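In this note's numbering, the protein residues as written are 68 to 239.
In structure tokens:
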């Protein structure tokens, strides 16, 4: 079962990572909770990612892995895959323990794009391919980003961490 929210893509993410819903769009968006995490055994090394989607009392767990990657790439991939699993625009509470991903999408990306995907120090943005994919994925949804402390007493984040570490260990 795919947790789904099937309409066309719309809107662009603003500077704080939320999506502007187009004028005249008055259908209530489905409310989804998305929890994500990435893991890497060595950095770089084998990596895994996990996403938990919750909608209407139902839960879907997604996992994946790569044999040679970094923790940041797995964190980004978890969010991208979680968002791409949705079939239509949704209102999403996205719980994430990665400041890198949260700050990248909500604070840094607009300037990276203005500078032609360069950092403030004029260096190429690392993981640009995934940032571009994330930018596309968030543009279809209204997202509220919530940072949660990793490896703390947060059951969903702990479950995501377990799934991601498991996936990474299986790809070795």
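C-beta atoms are modelled at their ideal positions from N, C-alpha and C, and glycine is treated no differently.
Quantities reported herein were computed from a predicted structural model and do not represent experimental measurements.
Distance, residue j Cα to residue i Cα
i	j	result
residue 147	residue 95	23 Å
residue 184	residue 190	9 Å
residue 239	residue 144	18 Å
residue 235	residue 206	29 Å
residue 68	residue 151	Reliability of the predicted coordinates at residue 68 is poor, the pLDDT of 32 falling under 50, and no value is obtained from them.
residue 199	residue 103	18 Å
residue 196	residue 202	10 Å
residue 175	residue 193	12 Å
residue 120	residue 112	27 Å
residue 218	residue 224	8 Å
residue 127	residue 187	38 Å
residue 98	residue 108	34 Å
residue 179	residue 221	32 Å
residue 167	residue 214	10 Å
residue 118	residue 204	14 Å
residue 157	residue 129	18 Å
Residues bridged to residue i [DSSP beta-bridge criterion]
i	result
residue 179	Per DSSP, none; premise fails for residue 179.
residue 115	106 and 132
residue 98	158
residue 121	100 and 126
Residue i: CB within 7 Å of a non-hydrogen atom of the ligand MG
i	result
residue 170	With respect to the ligand MG, the structure offers nothing, as it holds no ligand at all.
Limits of the alpha helix (DSSP H) - the one that residue i falls within
i	result
residue 142	138 to 151
residue 169	166 to 170
Residue from the options with nearest C-alpha to residue i
i	options	result
residue 136	114, 125 and 124	114
residue 169	153, 139, 157 and 226	139
residue 163	141, 177 and 212	212
residue 237	106, 204 and 101	106
residue 100	110, 230 and 210	210
residue 229	132, 181, 160 and 208	132
Which runs of the beta strand (DSSP E) fall wholly inside the stretch 187 to 235 and span at least 3 residues, in chain order?
Whole beta strand (DSSP E) segments, 3+ residues: 209 to 214.
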